Every structure is written in C-alpha cells, then in structure tokens.
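Visitor: Every number in the working numbering is 20 more than the matching position in the sequence shown, counting from 1. Beta carbons are placed, not taken as given, at the ideal position from N, Cα and C, and that holds for glycine. This structure is a prediction, so every number in the text was calculated from the model and none was measured. My questions will all concern the structure given below.
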Amino acid sequence: MSLKTVEVLSSSSHHIVMSRRRTQQTAPRQSVFTDMKLVLAGEPHAAQFALGSLPLRTENEEERDNELASYQKKITSQPGKKYFTMLLVLGTLFLGYIAIANDLKPIRIGSKAIDTLAFSFNLQKPFYVVVIDAGSTGSRVLAFSFHESILNGNLVLDNELFKEIKPGLSSFADKPEDAAKSLTILLNEAKAVIPQSEWPRTLLTMKATAGLRLLPEHKANGILEECRKLFQTSGFQIARNSISIMEGTDEGIFSWFTVNFLLDRFNSLSSQTTVAALDLGGGSTQVTFQPDGVQTKKLEKHVYSINVFNHNMSLYTHSYLGMGLMAARKAILTYDMNLEDTSLKVPTEIHSECINPIVSTEWSYQGRDYIVKGPTNGTYKLVKTQNFAGGDENKPIVRFAECLKIIEKYVGTLTEKPIGLKDHEVYAFSYYFERATEVALIDPFSGGMVQLNSFFKQAMETCDYPNTDQPFMCLDLTFIYVLLRDGFGLEPSTKLHLYKKINGHELSWALGAAFNVLQNGL
C-alpha cells in the first residue's frame, strides 16, 4: 500500500499531513482525521492541561456550602470518610511517584499524572497496531499500543513490542508455505501482549522490502499469498492490500517521519530543524531529508510535496536498490564472476580481495549458498599481537588498496546522488548502527555520534588483522565508508548520529507505517 496520508499533532497542536505527491503536482489533500492528535507518553510534548475560569457563586450557594461543611464535620468518623481520605492520600502519593519516575516539570505534572491515572483505571480506550517488517535478512514484528488521552483526545504512544527472526522471507523463494510458517512465531509474540478481546479491532499489516523486490514477481506473489492465508486465521483485522511489497519511497518517508517524530523535530518546520534519515537495509538503502530551495530544483525527480502542520514542505527520498549491505556484499564478493555458470545445488566457491586469506566460511544470500575465501596468493604483514604484549607476528592481511578499488567501482554505479545531504544533520540506523557497535565505535545500548572518517580508520585496522569471527567486517566497514563518502557525498568529517532506539522506540519505518494505518485504515 502506497503512502496516502499520515496525520498527527505535535506538542503545539499543529496538524501534520504527509501525502506522497511529486512537487510538480497539486497540493496534497487533507486527511479526514482532522481531530487526531499524537504524542509520546512521558515526553515533553505529551498532553497539555488548562484550567478554565470557575463560575460565580450566589449567596444561597454559599449558605448551603456552609451548612454542608458543618454537617461534614459531624460525620468525619464514618467509614466512608476514612476511605475517601485514604484514597486521597494514596492518590497524592501516586501522583508524586509518577512525577519523580518521569522526571516531570511542574508545569506538566498535573496533566501527565491525571492522564496516567485515568489510563491505569481503564478510563481510556486502547488502540493496537501490529506491523510485520519482512526484510531481506529477517522478519520483525512491532506491536504498538496507544491510548487516547482523557484530557484532550491526543493519541498517546505507550509501548511497543519488537521481535526478530532470521532468515528473511526471500530465503524461502521456492517454498512459499515455509515462508509463511516462519512468521507464526512473530504472530504469537504479538498475541501475547495484546488482550484477546482486542484482536478483532487490532490492525495488522505486513510490508515486504528489498528482499522480495529482488525476487521474480511470481515467486514474491506466491509468498505474499501464503502470508495472507496465515494472517486470515490470526484473529487480527487485515485486508488484502495490507499484505504487500512496500515501495522504497514509502519506506524512506516512514523512516524519516519516525526519526523526526521521536526527536520532537516537528515543532519548527525549517530544513535546518528536521534531520536526514539514512536507513541501511540488507537489499536497499534509503536517504530522506528536507532539501532547501536550491536543492529541491536539483533533486526534483525524487522530491515530494508534504503538508506538515498546515505548512507545505518538500521532502527528498530515494531508495537505492542493490546498495543494501548484503546485496552490496554479494556484488563485491562476486566481482568479475559469472554466477550464471554456477549451480544452485552446490555452494559456489568465491575468492575475494576483501576477505582475509585465513578465512574460509559459508554464507547464504537469497537462497544461494557460498563458500567465501580470501585470495589464493595472500599477503602477509608484521603486525602486533592482539594484546600488544608480545612482539610482532607475521599475519595474513587484506590488501586494502585492492579491496577499496573494487568497492569504489561498485559504489560508482550509483546514480542520482542525494545532492546537499552533507548540509543536514544525519541520523543513520539499521546496519549503520549494527556494524558500528560490533567494532566498538559506539555504545551498543545508548548509541552515539561518530565522524564518518572513523569508519575508514576502523576498516583499515580491521583489514590488517585476521579475524575469523568477523570474516566480512573489513568489507562491510569499507563499503559503508565509500557509500557515504562517494555515493552520498558526505565529508570524512561529517558527524553521524547512530542509534537503534530513541526514547525506547525502535528506529525503523514501522512506526510511521503504524501511524499511516491508524489514520487511513488498511
């Protein structure tokens, strides 16, 4: 399902309507969900609480109040009064606990506490959306829970479930029934966190990305059909169009929306406020950002008109199929090879300049098995021992210059580069984050910021040390550096914000897709 409209409200109660339209087309249509508001539970842009003026009191009302007060003094010893007092004390303590636990500022303690109390006493209607991300290397389920604020009707994002399995659906290209069965675990995980009474009105959508895009159409459709059959027995609410291959454009826009929403960047609508979102998947990679006027003209083929908070803006997004980490790895490993001459029944042996000569490992991608090795005429170099306590040792190394040439040639095939990306604050996630954590460039729990050149330095160091536990790390790090530098035009000094989560929520296109489903249905 292509992106039609996503509408939410920020802290300033402004509308955001996201419509995927080319810039040369007419202005985006408005959503019918004009009253829907969206905030994060516990975040600064959560529900606002306003006190109105109290009505004037008459003399008769004051006399009745005095009589009532006198009467209440006489019955303070009654059990009902004691219970009320106890409830009041407990409520006050509970409000204090909420304030401390959420580090709330005084101006919003009251509204947040009241909203939380109402939610705790089941005074607010819950909403659930289940999104299955059928990626090229694995499938993931994200089950989101929301509630509608009792104060102002804001739709508050409360929690999410995230679970992942491997391999991806494309690995079952010739066994579509097995592809669908692999998702049973994910469905059961979602059912475990959603009350059964809510299943009939819980929206379920599955979007497949580059893994299925790269398959022959009849094989991809066979997998999708088997998945529909499975989901029809799930108890969740589905529609035929809710199980489909997602366009790369939608993937980019949804990811960009997720990142900027979680960062609370929609309060101001300038291109200097929103951030660029870079998502590195297995089969493709997406680049999405808000260009300035000059950049918009140069990038107009991939620029879309977006109406955000009743303001028109232009959004650049481009999905580069084949530039995902696994797709690129395969292309680089098989550089100058003709795979049509090889059989699918037996593993294909590969010798690559980007693999250490000591390595011999098995690798599978898109239903084909490989035995990956370094070059037969390996190069050795005197290197320090791993703990740097001993003397130099003669170790096999990757010929970095040769590997770099191959990767530069492959990235050089990338066309329609994202002009002006370097002028924006960049948030990168998925494989960008994973590879950075695996070589200790950033903390795996909190994420962080590094300069692009850190990938280059780490790649050179990794390529100089044989590591059979991470046989592809030299290739992967080098590819990421060249892709960002040559393919996307970033400077070696460019700062990259690398995160897996923001405010406890996963960085992916799934959250944006969930909002889209809530606004527009399946």
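Going by DSSP, name the residue or residues bridged to H525.
Guide: Note: H525 sits in a beta bridge opposite I522.
Visitor: Could you tell me which residues DSSP pairs with S191 in its beta bridges?
Guide: According to DSSP, which records beta bridges pairwise, S191 is partnered with nothing at all.
Visitor: Taking only the alpha-carbon atoms, compute the straight-line gap between P187 and A199 and give it to the nearest angstrom.
Guide: Rounded to the nearest angstrom, the two C-alpha atoms are 9 Å apart.
Visitor: So, helix, strand or coil for Y485, using DSSP?
Guide: Y485 falls in the coil class under three-state DSSP.
Visitor: Please determine if the stretch 227 to 243 and the stretch 496 to 514 are in contact, where contact requires at least 3 C-beta pairs separated by less than 8 Å.
Guide: With the cut-off at 8 Å, the stretch 227 to 243 and the stretch 496 to 514 do not touch.
Visitor: Taking all protein chains shown into account, decide if T337 is buried (16 or more other Cβ within 10 angstroms of its Cβ) or exposed.
Guide: Counting Cβ neighbours within 10 Å, T337 comes out buried, since at least 16 surround it.
Visitor: Is the stretch 458 to 467 in contact with the stretch 362 to 372, if contact means three or more CB pairs nearer than 8 Å?
Guide: Result no; under three Cβ-Cβ pairs closer than 8 Å.
Visitor: Determine the direct distance from the alpha carbon of K211 to that of N536, and round the result to whole angstroms.
Guide: Near 21 Å, if we compare the C-alpha coordinates of K211 and N536.
Visitor: With a threshold of 7 Å on Cβ separation, who are the neighbours of G72 within its own chain once the five nearest residues in sequence on each side are excluded?
Guide: Below a pLDDT of 50, predicted positions are generally treated as unreliable, and G72, at 31, falls in that range; the measurement from the model is reported next regardless. Cβ neighbours of G72 beyond the five flanking positions: none.
Visitor: Mark Q315 as exposed unless 16 or more other C-beta atoms lie within 10 angstroms of its C-beta, in which case mark it buried.
Guide: By the 10 Å Cβ count, Q315 comes out buried.
Visitor: Would F465 be called buried (16 or more neighbouring beta carbons within 10 Å of its own) or exposed?
Guide: Looking at its Cβ environment, which holds fewer than 16 other Cβ atoms inside 10 Å, F465 is exposed.
Visitor: What does the Cβ neighbour count give for P438, buried or exposed, with the cut at 16 atoms within 10 Å?
Guide: When all chains shown are included, P438 counts as buried.
Visitor: Count the other C-beta atoms from every protein chain shown that fall within 10 angstroms of the C-beta of L510, then say buried if there are 16 or more, exposed otherwise.
Guide: The residue is buried, with at least 16 neighbouring Cβ atoms inside 10 Å.
Visitor: Give the range of the alpha helix (DSSP H) segment to which N241 is assigned.
Guide: First-last of the alpha helix (DSSP H) with N241: 237 to 252.
Visitor: From the DSSP secondary-structure annotation, give me the bridge partner or partners of R543.
Guide: Residue 543 lies beyond the residue range present for the chain, which begins at 21 and ends at 542; the question has no answer from this structure.
Visitor: Go ahead and pull the three-state DSSP assignment for F166.
Guide: DSSP places F166 in strand when its eight states are reduced to three.
Visitor: Is the distance from the Cβ of Y519 to the Cβ of L527 below 8 Å?
Guide: Yes, the pair counts as a contact, with Cβ atoms nearer than the cut-off.
Visitor: Are there any heavy atoms of the ligand NAD lying less than 7 Å away from the beta-carbon of K401, as far as the coordinates show?
Guide: Looking for the ligand NAD in the displayed structure turns up nothing, as the structure carries no ligands at all.
Visitor: Under 6 Å Cβ to Cβ from Y430, same chain only, skipping five residues before and after it: list those, please.
Guide: Hits under 6 Å: A351, I352.
Visitor: Only counting the same chain, and skipping five residues up and downstream in sequence, which positions put a Cβ closer than 8 Å to that of S334?
Guide: Cβ within range, chain order: T43, Q310, P311, T316, V323, Y324, S325, I326.
Visitor: Kindly confirm or deny that the stretch 412 to 432 and the stretch 275 to 283 touch, where touching means at least three C-beta pairs closer than 8 Å.
Guide: Judged by Cβ distances under 8 Å, the stretch 412 to 432 makes no contact with the stretch 275 to 283, as fewer than three pairs qualify.
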